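Student: Each residue of the sequence shown is one higher than the last, beginning at 25 in my numbering. Handing you a structure now.
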Amino acid sequence: MEYLRKRKMWAILIVPFLLLFCHCRKIMDPEEPIFDIRNLPNEMKYDEQIKLNADHHKDQILWASSDPFVAIIDENGFLKGQHIGTTTISVSWKDKIIEKELTITPYVQGIQEPFVHFGKSIARIKTLMKVKPVEEDFSALYYANLSEHSKYLYYWFNSRNQLFLSGIIFGDHDVKLSKIDHTFFAERYHVMKEKNKRTYYLDSKRNYFIVLDINSEKQLVGFYNPIKEE
Numbered sequence: 025m026e027y028l029r030k031r032k033m034w035a036i037l038i039v040p041f042l043l044l045f046c047h048c049r050k051i052m053d054p055e056e057p058i059f060d061i062r063n064l065p066n067e068m069k070y071d072e073q074i075k076l077n078a079d080h081h082k083d084q085i086l087w088a089s090s091d092p093f094v095a096i097i098d099e100n101g102f103l104k105g106q107h108i109g110t111t112t113i114s115v116s117w118k119d120k121i122i123e124k125e126l127t128i129t130p131y132v133q134g135i136q137e138p139f140v141h142f143g144k145s146i147a148r149i150k151t152l153m154k155v156k157p158v159e160e161d162f163s164a165l166y167y168a169n170l171s172e173h174s175k176y177l178y179y180w181f182n183s184r185n186q187l188f189l190s191g192i193i194f195g196d197h198d199v200k201l202s203k204i205d206h207t208f209f210a211e212r213y214h215v216m217k218e219k220n221k222r223t224y225y226l227d228s229k230r231n232y233f234i235v236l237d238i239n240s241e242k243q244l245v246g247f248y249n250p251i252k253e254e
């Protein structure tokens with residue numbers, strides 16, 4: 025009886041240690057990957073990037089961005105901002121998934137862009153603008169001092185009274201102003217190309233493109249052109 029009693033006591037003492045050993049071994053040699061996106065900030069800028077973590081089974085983990093126009097992420101968890109907006113970043117392994125919302129915020133705000141309702145009439149554009157133009161005729165509308173960095177917005181109409189070109193004049197060209205304006209467009213549009221000191225941008229829906237240029241009066245201007253006229 026004494027022998028059985030001692031064996032029972034040893035069993036009571038050793039079982040917790042065995043359980044602890046098994047638990048520690050599971051931590052040191054996990055069957056599932058350790059991953060999270062807790063180090064992902066709520067906000068980033070369009071030109072920022074960050075590396076998200078996945079400690080095990082990296083080749084089996086899937087990273088994704090719900091809107092690649094806003095941000096992209098590669099198979100290694102390397103995240104890059106693209107344009108202002110909101111996207112959902114997700115990481116998954118088998119049936120497990122973690123998601124977090126990310127917002128790309130702008131450096132430059134307060135610049136009013138022209139409407140791009142190509143094909144609309146003079147009367148319709150005047151209704152949308154809600155302020156009186158400083159100049160108008162049968163083929164054009166001009167608006168002045170609508171935002172801090174721009175001097176004019178303008179709209180040109182064809183012989184059928186349809187809008188075919190919109191534009192913005194930022195004012196006298198200088199390095200500081202140019203940097204502000206190029207940043208404004210880069211964080212909102214795809215950069216298509218740069219040619220002959222002009223920069224071409226494309227909107228996310230590919231309905232129109234913008235040409236940023238210096239006019240004959242040394243002013244920085246943006247021309248909004250329809251890809252296909254309505």
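Virtual Cβ for every residue (Gly too), placed ideally from N, Cα, C. All figures in this text were calculated on a predicted structure; none of them were measured in a lab.
Could you tell me the alpha carbon to alpha carbon distance between Tyr248 and Ile192, rounded to whole angstroms?
Tutor: Cα to Cα, Tyr248 sits roughly 8 Å from Ile192.
Student: Out of curiosity, what's the CA-to-CA distance linking Tyr179 and Lys217?
Tutor: Looking at the two C-alpha atoms, the distance is approximately 24 Å.
Student: Which runs of the beta strand (DSSP E) fall wholly inside the stretch 110-140 and span at least 3 residues, in chain order?
Tutor: Counting whole runs of 3 or more residues, the stretch 110-140 contains the beta strand (DSSP E) stretches 120-128.
Student: Tell me where the beta strand (DSSP E) around Arg148 begins and ends.
Tutor: Run containing Arg148: none in the beta strand (DSSP E); it sits in the alpha helix (DSSP H), Ile146 to Met153.
Student: How is the beta strand (DSSP E) around Arg222 delimited, first residue to last?
Tutor: Arg222 to Leu226 is the extent of the beta strand (DSSP E) around Arg222.
Student: With H, G and I counted as helix, E and B as strand and the rest as coil, what does DSSP make of Gln84?
Tutor: Correct three-state label for Gln84: helix.
Student: Following the continuous beta strand (DSSP E) through Asp143, name the residue where it begins and the one where it ends.
Tutor: The question names Asp, but residue 143 in the sequence shown is Gly. Taken as a continuous stretch (DSSP letters only), Gly143 belongs to no beta strand (DSSP E), as it is neither H nor E.
Student: Just verifying my parser: in three-state terms, what is the DSSP assignment at Lys16?
Tutor: It is not possible to answer for residue 16, since the shown part of the chain is limited to 25 through 254.
Student: Looking at the secondary structure, which residues open and close the beta strand (DSSP E) in which Asp161 lies?
Tutor: Counting along the chain, the beta strand (DSSP E) containing Asp161 begins and ends at Glu159 to Asp161.
Student: Output yes or no for whether 9 Å exceeds the beta carbon distance between Met68 and Thr151.
Tutor: Not closer than 9 Å, so no.
Student: Tell me which residues share the same chain as Lys144 and place their Cβ nearer than 6 Å to its Cβ, disregarding the 5 neighbours each side in the sequence.
Tutor: Answer for Lys144: Leu187, listed in chain order.
Student: In whole angstroms, what is the alpha-carbon distance linking Arg230 and Lys252?
Tutor: So the alpha carbons of these two residues sit roughly 10 Å apart.
Student: Can at least three beta-carbon pairs, one atom from the stretch 233-250 and one from the stretch 149-166, be found at a separation below 8 Å?
Tutor: Verdict: no, contact absent.
Student: Give the DSSP bridge partners of Ser89, in chain order.
Tutor: According to DSSP, Ser89 bridges with Ile113.
Student: Could you please give the first and the last residue of the uninterrupted beta strand (DSSP E) stretch that includes Gln243?
Tutor: Unbroken beta strand (DSSP E) run through Gln243: Gln243 to Pro250.
Student: Leaving aside the five residues before and after Cys48 along the sequence, list all residues of the same chain whose C-beta is less than 8 Å from its C-beta, in chain order.
Tutor: Any answer about Cys48 is weak, because its pLDDT of 47 lies below 50 and its placement is not dependable; what the coordinates show is given next. For Cys48, where only same-chain residues beyond five positions count, there are no Cβ hits under 8 Å.
Student: Keeping to the same chain, check which residues put their C-beta closer than 6 Å to that of Thr111; ignore five residues upstream and five downstream.
Tutor: Excluding sequence neighbours, Thr111 sits near Ser89, Ser90, Asp91, Val94, Ala95 and Leu126.
Student: Going by DSSP, which residues form a beta bridge with Glu67?
Tutor: Answer by DSSP bridge pairing, in chain order: Thr127.
Student: Between the C-alpha atoms of Val268 and Leu170, what's the straight-line distance to the nearest angstrom?
Tutor: Outside the shown range of the chain (25 to 254) lies residue 268, about which nothing can therefore be said.
Student: Count the other CB atoms within 10 Å of the CB of Leu103; is the residue buried (16 or more) or exposed (fewer)?
Tutor: Counting Cβ neighbours within 10 Å, Leu103 comes out buried, since at least 16 surround it.
Student: How big is the Cα-Cα spacing for Val235 and Leu226?
Tutor: Their Cα atoms are separated by approximately 9 Å.
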